[in-house]
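Beneath this line is the structure, given in structure tokens, with notes to follow.
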Amino acid sequence: MVNQVTVNLKTTKGDWETTFQKSTRVKDVILALKVHFRLPKDSKFTLYKQTSPEIGFEPDRALVNYNVKDGDILVLKEA
166 MVNQVTVNLK TTKGDWETTF QKSTRVKDVI LALKVHFRLP KDSKFTLYKQ TSPEIGFEPD
226 RALVNYNVKD GDILVLKEA
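If you count the sequence shown from 1, position 20 lands on 185 in our numbering, and the numbers rise without skipping.
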């Protein structure tokens, strides 16, 4: 769909391909990953594109702000 994006998410616990609304905030993607992989709720994480690891996503911004496209690989890293 036009307002959705399917991404591949990588963590130390494994990979997950899923779909989000483009307007989904980064902190909500991180929360979904914490639930899916049963990661510690109190741990701090950052999310970034695999192609540009130097640019960490800000939690309150939406995926669309980072031009995330279908098939992009996003990496979750403990902060």
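Idealized CB from N, CA, C, for every residue including glycine. If you're wondering where the values come from, they're calculated on a predicted model, not measured in any experiment.
Identity of the residues DSSP links to Gln186 by a beta bridge: Gln169
For Phe210, three-class secondary structure by DSSP: strand
Inter-stretch contact at 8 angstroms, needing at least 3 Cβ pairs: the segment 197 to 208 / the segment 225 to 235: Output reads no: the segment 225 to 235 does not touch the segment 197 to 208.
Cβ-Cβ distance between Lys234 and Val170 below 8 angstroms: yes
Which of helix, strand or coil DSSP assigns to Leu204: The answer is coil: DSSP assigns Leu204 none of H, G, I, E or B.
Proximity of Phe185 and Val200 at Cβ, strictly below 8 angstroms: With respect to the 8 angstroms criterion, Phe185 and Val200 are not classified as neighbours on the basis of their beta carbons.
Cβ-Cβ distance between Leu198 and Thr176 below 8 angstroms: Going by C-beta atoms, Leu198 is nearer than 8 angstroms to Thr176.
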